[in-house]
Structure formats: structure tokens, C-alpha cells
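**Q** Just dropping this structure here.
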Amino acid sequence: MGDHPAVSHGGSTYLGWRHDVPVPDPGPPPRRPAPADRAELGPDWVDLQRRSAARTNKPLHIALAVLAAIAALCVLLWPLRVLPGVVALGGVLGCVLVTVPVLVALAQGRQVVRDRLRRERERLEREQREHEDDLRRRQEEHARAYTAWRDRRRAFEAQPRWYGTKVPAHARAVVVAGGTDAGWSALLTTIGASRLRSGGDLTVVDLSGRAVAGDLASLVKRCGVAPRVWVLPADLPRMNLGTNLGAAQRARILAAVARAPGGRGDPAADRDLLLGLLEALGPDTNVAALIGGLRALDGAAPADDPAVRLLTPDQRTAVRARWGGDRSVLERAWDLERRLAPFEGVGTRAAEEPYAQVKVIATDRASGGAAARAYGTYTAASLSELLELRARGRAPAAGDAAWAHTIIVCGADTLPDDEVDRLTRAAAAAGAGLVLLFRAAADGLDARLDAEGTLPVLMRQPDPDSADRAAARLTVRRGAAPSAPVHRLTEVIGEALSDAVADSYVEDPAVGVTAPVAMRNAATSVAPLDLVRHVRAASAWGRTTAQAEDIDTAPATGAPREHRLDARGMRLLPPTALVLPGPRGPVVADANPGILTLATATLATVEQTRAAGGPAVPPPAPAPDAESADTDDPPPNLGPPPERLDWRTA
7 MGDHPAVSHG GSTYLGWRHD VPVPDPGPPP RRPAPADRAE LGPDWVDLQR RSAARTNKPL
67 HIALAVLAAI AALCVLLWPL RVLPGVVALG GVLGCVLVTV PVLVALAQGR QVVRDRLRRE
127 RERLEREQRE HEDDLRRRQE EHARAYTAWR DRRRAFEAQP RWYGTKVPAH ARAVVVAGGT
187 DAGWSALLTT IGASRLRSGG DLTVVDLSGR AVAGDLASLV KRCGVAPRVW VLPADLPRMN
247 LGTNLGAAQR ARILAAVARA PGGRGDPAAD RDLLLGLLEA LGPDTNVAAL IGGLRALDGA
307 APADDPAVRL LTPDQRTAVR ARWGGDRSVL ERAWDLERRL APFEGVGTRA AEEPYAQVKV
367 IATDRASGGA AARAYGTYTA ASLSELLELR ARGRAPAAGD AAWAHTIIVC GADTLPDDEV
427 DRLTRAAAAA GAGLVLLFRA AADGLDARLD AEGTLPVLMR QPDPDSADRA AARLTVRRGA
487 APSAPVHRLT EVIGEALSDA VADSYVEDPA VGVTAPVAMR NAATSVAPLD LVRHVRAASA
547 WGRTTAQAED IDTAPATGAP REHRLDARGM RLLPPTALVL PGPRGPVVAD ANPGILTLAT
607 ATLATVEQTR AAGGPAVPPP APAPDAESAD TDDPPPNLGP PPERLDWRTA
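Residue 7 is where the sequence shown starts when you use my numbering, and the numbers rise one by one after that.
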């Protein structure tokens, strides 16, 4: 951070992705109404009516037969002279007179049957027209319902499923409690990708002992930006951080370093002694010459000491004349010399380097915990001094502009508390975003999590005590532990890459950038589609997520499940899961940067989508007007056909 860009860029800083489905599944499509069978006069019903009429007219037919027989008998008996002609004629005429009303009655009966059949046909035709009108109306309603269902289905299938989780506009710092190396690696890569997208600066202080920023460095190189990586103590001679500051700032930095490993000295006295030496030896004196000045305070120091020989005779004389003979100063000098000895090579081989948009300052695990604390303190103190210089005469930034320069400290619990507090204040004053990652929700971390302008984030806890403290923060009324949905993809990818963090920042040639790429020190911005391509190609998160993207849309395996956020649940969280505060309780997001490569991911947040009314759903088709309803055009044949009747169950 010692070199400043000419132009500072803002932009949103993303922490991860949250799974949500604003448009619910519309379910199965509405079935198309089936036309009823056409009702017609059945031959059985017609035969029944005719048989009924025949039974009713049977006495009349018998009467006709009797009358016919009587008339025939009269006609036959007249020639035989059995009946006189007058009687025979009268009998025939009588039979004819009686037959006429019988025939009229039979004719009326047949007319009744014909009228009944006609009325039945008319009734069936009327009912058929009513059924057809009702079917047309139901088909038109079905057409509108199916069109609306189709629009909802398209909106459901086309809507994003993963929404960006951004740092709120009011937040100046993010404090992460818990997490594994894999989870931190995912979070760093996600934050770095958002910084690359907007062209912002990023400084990573990696005190984890692992290369948690390795994927981030690979992504930066793939984007054509040259990162600056210093691994301490090997790269101390190349590091120019804090070496180009004034004497007062350097004295405060070195005094903080001397107190970092557990020194009990007076920090003000250490700072005054170091400031006096820098004034006596010159403001550009390096740490090696400063150590020589501390040794020169002892009059018994050999003249051929390599550190003492870095001073001129006049400088040695001036130092001894100013502090010589003071036993307390001499003891303090011995202690400072012992604690500053690891830093005597800092900046000795540093050359003028161009501005770097992304800087990674890491500590080697082999150096041990005490050395990591000292190197981390030096880095944090130097960053604080630079931020305080930047803050002078500058109004604090707000919103996304406050994160134009982002500083991430991985393993902030390694640093002294006062240095973390100072870095937090300096970042807020300079308008820089700060992300502090602690290994566990330790006792005393609540004050940082609850500080004003701080976004508290919880990740997987390493031990039962920290899990209990983390769960206690999430406990709702009546002591019930809340729960939040966790997507299956979060579980699968997190566990698959739980041990994928490298131990070194030396890049594997098998996965490095082999194609010729025009490298530059800064990027105005990286296009989102290019960033997606680079994340998929350069990071293990992108490659693994692309292979498991079917889990995102599979209905059986992709449905989120409720995860209880109690003490046990906090220890079983997926490595990339982030527990964030929400308006209705805690929510779980995924820091996996590979989600950016999914087709269902969007940079919009859930809150923005809901405030806008959810994903756009096409308006329903307008209802047909009266003129179109009166036409003879057949209704639209939409939707699946009705279920066929099964003769076995009919």
C-alpha cells in the first residue's frame, strides 16, 4: 500500500452468494377441458318409447281386430243366408263407425310418440349447444390460465437462484469469526473478484501460515494484472512497506514490533529512543543501521561488529554522547536490538516497483507463531501509518466508495489488540474497507462484532467453546436456536475443497497461466463475462463448481435444507458458509466464488430484487373481446390433453 494509484475506483464489495427463489414453482400446468360425449337419441330409448306406446295401444289393436272379425263374419254370413242383408250391412256399418274413433286414438298415440321423440331431440340439441358454449368458455378460461402458467413457469425457470451478498453501505468493516483455510480462501477470492470487477485496490495480510490467497493470486494473474506477493521472512529484503515513511512513523512502527512478541517495555520510551536514533543517524537509515546504533550505545561494543560498522565514526560518537552511560537506556536498547534483529534486512534490496493493484503480504508457517505475530504487527502498523497519512485533509468516503481500497487481514487474532484497533480506526478515517478474519469466536470478540459500522459474520467454529459463544449470539427468544436454509451445492463444494489450500504461494505450473497474457499493474475494471471465464479457469472453486453445476438445478438434490444454528450446527457448517444478520433473523450465504460462473447467479441482491417486485413476469394475455367471442373460430388448443378414460376403471 505504499504506492498509491492515480485514480481510485469504488464499486460493490461482495462477500458471497445467497440462494433464494422469489418466484415459486407454479406446479403442473392446468389441464385442457375435455369435450363431453355428444348426446343423441339412442335406439334402445326409441324402442322403449315405441314398446311403451304399443303396450298402451294394445287394447285398441284388439278392438280393431274384433271389429274386423265381426265385419268379416257379417260379410261371410250374408251370402250363406244366415243373416239378412240389412242386418249384415248394419253390422258392417256399426263396425266401421266404431273403428273410426279407434283409428283416431291410434293415430293420436303415434303422434304423441313422434312429438316425444322430437322434443327429446330438441332438448338434446339444446343441451349440446349449452355444453358447447360452456366448453368454449372453459377453453377460453383455460387458454388464459395456461398462458399465465406458462409465463410464471418461464419466470420461474429463468429467474436467478443465487444472489450477491454485498457489504452494506453503512458498514466500514467486516469482522469474520471462525472459518477454515478453505473458507477463507473462498472468501478472499470472492472479495478479490469484486475488487477486480470494479478496478479497486486490494491488500491481503495473510497470517494463516497457508496460502489462503493462492487462488486469488491465480485469478489476478489470469485477469492480466500482476500481483505483488511478499512472503515473510524470505521477501523482507524486497519489501518496501513502511521504509519510505518519516522518522516518527517508522519509530512508531518499530516500537510496535518490539512490543508485539510479548515485550513488557514502555512503548512510549521505545518510540522516543528509536526516534532519537533516527534523528541522529538520519531519517533514511535502514533497520540494519538502526540496530547498529542500538549496539553502539554500549561503549563495549566491538568496532568490527558488522552492524556497528554500518555507522560512521561521527554517528557512533553522536549516539554515545547522547545516551551513553544511561543504564536504563542501554537495557532498553538491548531488548530492542533483540526484537528488531529479524527485521534488519527489510527493504535492503527493495527497488522502485510500479503500482500494484493487488498486494499479498504473507508469513511462512515455518517461521513460527511468534515470528508471524512480529511480521504481522509490522505490516499492520505500517498500513495504519499509511492510512493515517491518507486520511489527513480528506473527508471520509461513504457507501461503495469507502471500499475503493480494501484491506483483508487473515488471522487477525495473531496481532495485538491495540494494533487491530488502530488499523480499524485508520481504515475508517481514510475511507478504506477493512475485513478482519479471526480463527474463532473467542471470548472478547463480541465488542468488535457489535461495533458501530461493522458487519458481523460467523463461519464454522473450530472448538465447542467458540461454537457455544457463536450460537449464543444467534439465540432468539425463549432460548430457541434459529435455523437457516443451506443449499446442497454449498455442502458439496465446500467439503470437496476443504483440503485444497496450498502451503506455498509458488504456483503449480500445471494450473498456472501458460498462454501469453499481457500483464499490467492495474486494471480499470474487468468485464463480468471475462471475470466469469477467468474464475472458471484460474481457481479450483470455479472448476469444481462448473463440474457440479447440475446440483444447482436438480429438484431432488438441489433443494435447500434447514440447518440448525446451535452449538453443534456451528461446528458442522460447510466450510464456505457465512452466517450473516438479516431483517428476519440470520441468513446463510456461500462464499464460493465459483457460483459466479453458474447461469443462475446474478450480481443483484435479494433485497434489491424484492424491492423491485421480484423477477419480471410477463403480463397475462388479454381476455378476448365480445366480437372475437362471437366468431366461429375454434378456441385455442393449449395445455396437455385431458386424462384418457381407462375401460378397466370405468
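Glycine residues also receive a C-beta, built at the ideal position from the N, C-alpha and C atoms.
Contact defined as beta carbons within less than 8 Å: I believe W190 pairs with I601. What is the distance between those atoms, to the nearest angstrom?
**A** Counting from one through the sequence shown, the residue named residue 190 turns up at place 184. Counting from one through the sequence shown, the residue named residue 601 turns up at place 595. Their Cβ separation, rounded to whole angstroms, is 17 Å, which puts W190 and I601 out of contact at 8 Å.
**Q** Less than 8 Å between the CB atoms is what I'm expecting for L442 and A418, so what's the real figure, rounded?
**A** Start at 1 with the first residue of the sequence shown, and residue 442 comes out as number 436. Start at 1 with the first residue of the sequence shown, and residue 418 comes out as number 412. Right, the Cβ-Cβ distance comes to about 4 Å (below 8 Å), so this counts as a contact.
**Q** At a cut of 8 Å, does the stretch 218-237 reach the stretch 387-395 through at least three beta carbon pairs?
**A** Taking 8 Å as the limit for Cβ pairs, the verdict is that the stretch 387-395 does not touch the stretch 218-237.
**Q** For the stretch 540-554 against the stretch 461-475, do three or more pairs of beta-carbon atoms, one drawn from each stretch, fall closer than 8 Å, so that the two count as touching?
**A** With a cut-off of 8 Å, the stretch 461-475 and the stretch 540-554 do not count as touching, because too few Cβ pairs lie within range.
**Q** Within the same chain, show all residues whose beta-carbon is closer than 6 Å to that of A476, passing over the 5 residues directly before and after it, in chain order.
**A** As a position in the sequence shown, residue 476 is number 470, starting the count at 1. Closer than 6 Å at Cβ, skipping near neighbours: A447, L464, Q467, M576.
**Q** For A378 versus T420, is the C-beta spacing smaller than 8 Å?
**A** For this step, residue 378 is matched to residue 372 along the sequence shown. For this step, residue 420 is matched to residue 414 along the sequence shown. In contact: A378 and T420 (Cβ atoms closer than 8 Å).
**Q** Assign G215 to one of three DSSP states: helix, strand, or coil.
**A** The residue labelled residue 215 in the question sits at position 209 within the sequence shown. Correct three-state label for G215: coil.
**Q** Any idea if G91 is buried or exposed, counting beta-carbon neighbours within 10 angstroms, 16 or more meaning buried?
**A** Locating residue 91 in the sequence shown gives position 85, counting from the first residue. Result: exposed.
**Q** Could you say which of L86, A113, A78, V119 lies nearest to G100 if we only look at CA atoms?
**A** In the sequence shown, residue 100 corresponds to position 94, counting from 1. Checked all of L86, A113, A78, V119; the closest Cα to G100 is A78.
**Q** I'd like to confirm the pairing. Which residues does DSSP put opposite I414 in its beta bridges?
**A** Position 408 of the sequence shown, counted from the start, is the residue given in the question as residue 414. According to DSSP, which records beta bridges pairwise, I414 is partnered with V210, V441.
**Q** By DSSP's criteria, V463 is part of a beta bridge. Which residues make up the other side?
**A** One-based indexing of the sequence shown puts residue 463 at position 457. Per DSSP, V182.
**Q** Out of T603, C229, A502, L571, point me to the one whose CA is closest to T582's CA.
**A** Here residue 582 refers to the residue found at position 576 when the sequence shown is read from its first residue. Minimum Cα distance to T582 is reached at A502.
**Q** Taking Y384 and I297 to be in contact with their CB atoms under 8 Å, please state how far apart those CB atoms are, rounded to whole angstroms.
**A** Stepping through the sequence shown from its first residue, residue 384 is reached at position 378. Stepping through the sequence shown from its first residue, residue 297 is reached at position 291. At roughly 14 Å, the Cβ-Cβ gap does not stay under 8 Å, so Y384 and I297 are not in contact.
**Q** Rounding to the nearest angstrom, what Cα-Cα distance links R326 and D290 in this structure?
**A** Taking the sequence shown and counting its residues from 1, the one referred to as residue 326 is at position 320. Taking the sequence shown and counting its residues from 1, the one referred to as residue 290 is at position 284. Each residue's Cα considered, the two are about 20 Å apart.
**Q** Using the Cβ count rule (16 or more neighbours within 10 Å means buried), how would you classify D556?
**A** Numbered from its first residue, the sequence shown carries residue 556 at position 550. Label assigned to D556: exposed.
**Q** Counting along the chain, where does the beta strand (DSSP E) carrying G170 start and finish?
**A** Walking along the sequence shown from the start, residue 170 turns up at place 164. First-last of the beta strand (DSSP E) with G170: 168-172.
**Q** Please state if the CB of D187 and the CB of S214 are separated by a distance shorter than 8 Å.
**A** Taking the first residue of the sequence shown as position 1, residue 214 is located at position 208. Taking the first residue of the sequence shown as position 1, residue 187 is located at position 181. In contact: S214 and D187 (Cβ atoms closer than 8 Å).
**Q** Contact between the stretch 216-232 and the stretch 425-435: three or more CB pairs below 8 Å?
**A** Result no; under three Cβ-Cβ pairs closer than 8 Å.
**Q** Within the continuous alpha helix (DSSP H) that includes L73, where are the two ends?
**A** Taking the first residue of the sequence shown as 1, we reach residue 73 at position 67. Start and end: 49-83.
**Q** Report yes or no: do three or more beta-carbon pairs, one from the stretch 131-140 and one from the stretch 47-54, lie closer than 8 Å?
**A** Not touching, per the Cβ criterion.
**Q** With a threshold of 16 other CB atoms inside 10 Å of the CB of Q614, please say whether the residue is buried or exposed.
**A** Taking the sequence shown and counting its residues from 1, the one referred to as residue 614 is at position 608. So Q614 counts as exposed.
**Q** Leaving aside the five residues before and after T603 along the sequence, list all residues of the same chain whose C-beta is less than 7 Å from its C-beta, in chain order.
**A** Counting from one through the sequence shown, the residue named residue 603 turns up at place 597. If we look at T603 and ignore the five residues flanking it on each side, its Cβ neighbours are V538, V541, R542, G548, T551, A552.
**Q** Helix or strand or just coil, what does DSSP make of P470?
**A** One-based indexing of the sequence shown puts residue 470 at position 464. Helix at P470.
**Q** Just the C-alpha distance for H176 and R143, rounded to the nearest angstrom, thanks.
**A** Position 170 of the sequence shown, counting from 1, holds the residue named residue 176. Position 137 of the sequence shown, counting from 1, holds the residue named residue 143. Distance between the alpha carbons of H176 and R143: 56 Å.
**Q** Identify the residues that DSSP records as bridge partners of V492: which are they?
**A** Walking along the sequence shown from the start, residue 492 turns up at place 486. Beta-bridge pairing links V492 to R567.
**Q** So what does DSSP say about Y511, is it helix, strand or coil?
**A** The residue given as residue 511 occupies position 505 in the sequence shown. Coil at Y511, not helix or strand.
**Q** Using 8 Å as the threshold, is the stretch 161-181 in touch with the stretch 452-460, meaning 3 or more CB pairs across them?
**A** Yes, the stretch 161-181 touches the stretch 452-460.
**Q** Using the rule of at least 16 other Cβ atoms within 10 Å of the residue's Cβ for burial, across every protein chain shown, is H493 buried or exposed?
**A** Taking the first residue of the sequence shown as position 1, residue 493 is located at position 487. The residue in question, H493, is buried, as its Cβ has 16 or more Cβ neighbours within 10 Å.
**Q** Is P580 closer than 8 Å to T496 when the C-beta atoms are compared?
**A** Position 490 of the sequence shown, counting from 1, holds the residue named residue 496. Position 574 of the sequence shown, counting from 1, holds the residue named residue 580. In contact: T496 and P580 (Cβ atoms closer than 8 Å).
**Q** Could you check how far apart the C-beta atoms of A257 and L281 are, in whole angstroms? I think they sit under 8 Å.
**A** The residue you call residue 257 lines up with position 251 of the sequence shown. The residue you call residue 281 lines up with position 275 of the sequence shown. Their Cβ separation, rounded to whole angstroms, is 4 Å, which keeps A257 and L281 in contact under 8 Å.
**Q** Alpha carbon to alpha carbon, how far is A59 from R129?
**A** Locating residue 59 in the sequence shown gives position 53, counting from the first residue. Locating residue 129 in the sequence shown gives position 123, counting from the first residue. Approximately 21 Å, taken between the alpha carbons.
**Q** For a test of the three-state rule: what should DSSP assign to S634, helix, strand or coil?
**A** Here residue 634 corresponds to residue number 628 of the sequence shown, with the count starting at 1. Unreliable positioning characterises S634 in this predicted model, as indicated by a pLDDT of 41, which lies under 50. The coordinate reading is nonetheless provided below. The answer is helix: DSSP assigns S634 an H, G or I state.
**Q** Please report the straight-line C-alpha distance between A286 and A324, rounded to a whole angstrom.
**A** Residue mapping note: residue 286 aligns to position 280 of the sequence shown, counting from 1. Residue mapping note: residue 324 aligns to position 318 of the sequence shown, counting from 1. The straight-line gap from Cα to Cα measures roughly 7 Å.
**Q** Pull the bridge partners of D596 from the DSSP assignment, please.
**A** Sequence index remark: in the sequence shown, residue 596 carries index 590 (1-based). According to DSSP, D596 bridges with W23, A583.
**Q** So the candidates are A618, A490, A217, T318; which of them puts its Cα closest to the Cα of R590?
**A** Working through the sequence shown from its first residue, we reach residue 590 at position 584. Checking every option, the nearest Cα to that of R590 belongs to A490.
**Q** Where are the alpha helix (DSSP H) runs, 4 residues long or more, that stay fully inside the stretch 235-307, in chain order?
**A** For the stretch 235-307, whole alpha helix (DSSP H) runs of length 4 or above, ordered along the chain, are 253-265, 273-287, 293-302.
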